Each structure stands twice: as C-alpha cells, then as structure tokens.
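Numbering (the working numbering), first residue to last: 21 to 88. Quick reminder that beta carbons are idealized off the backbone N, C-alpha and C, glycines included. The structure presented is a predicted model; accordingly, all values stated were derived computationally and were not measured. Here the structure is laid out as structure tokens; the discussion comes afterwards.
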Ligand SMILES: [Zn+2]
C-alpha cells in the first residue's frame, strides 16, 4: 500500500487536470489533498474523482495511470 495525493491546482500540467501522485514522487505539489493508502494507482484515481471530475496520473510517479 502506498500513500497518494491529488494536486489541488490544474495550472501545473499541460492538460489542466488534477494529477494524482504517489509518495516519493520527485514533482510532488505543495497544494494537494491526501487520498489515503491504496493498493494501486487506479484505486487512488477513483478516490480523486470524489473531489475532482478531471483527474490523471502523474507521469514520473505513476506512469501506468497516466493516459493523457
Ligand atoms: Zn507524481
């Protein structure tokens, strides 16, 4: 299980969505919402959609959940 966060800002990535990050990410944002512990990034993205409709995985930390 890893801890995940979702970026509260959308102006830090080209597609203007809320990116989800895993603990240890090299580009972890400061302004973020804690999503808790998850078995995988798909579970974390599902949780993030409770806060924001437009979410995506961060490329450096969870490339398997990045799709745009
Ligand atoms: Zn990240």
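- The C-alpha of residue 70 is placed about 11 angstroms away from the C-alpha of residue 53.
- Spatial neighbours of residue 32 in its own chain (CB-CB distance under 7 angstroms, excluding positions within 5 residues in sequence) are listed in chain order as 49.
- Excluding residues up to 5 positions away in sequence, 57, 58, 59 lie with their Cβ nearer than 8 angstroms to the Cβ of residue 21 in the same chain.
- Contact between residue 41 and residue 78 holds, since their C-beta atoms are separated by about 5 angstroms, short of 8 angstroms.
- The beta carbon of residue 67 sits no closer than 8 angstroms to any heavy atom of ligand 1.
- Ranked by Cα distance from residue 51, the first of 30, 34, 63, 62 is 30.
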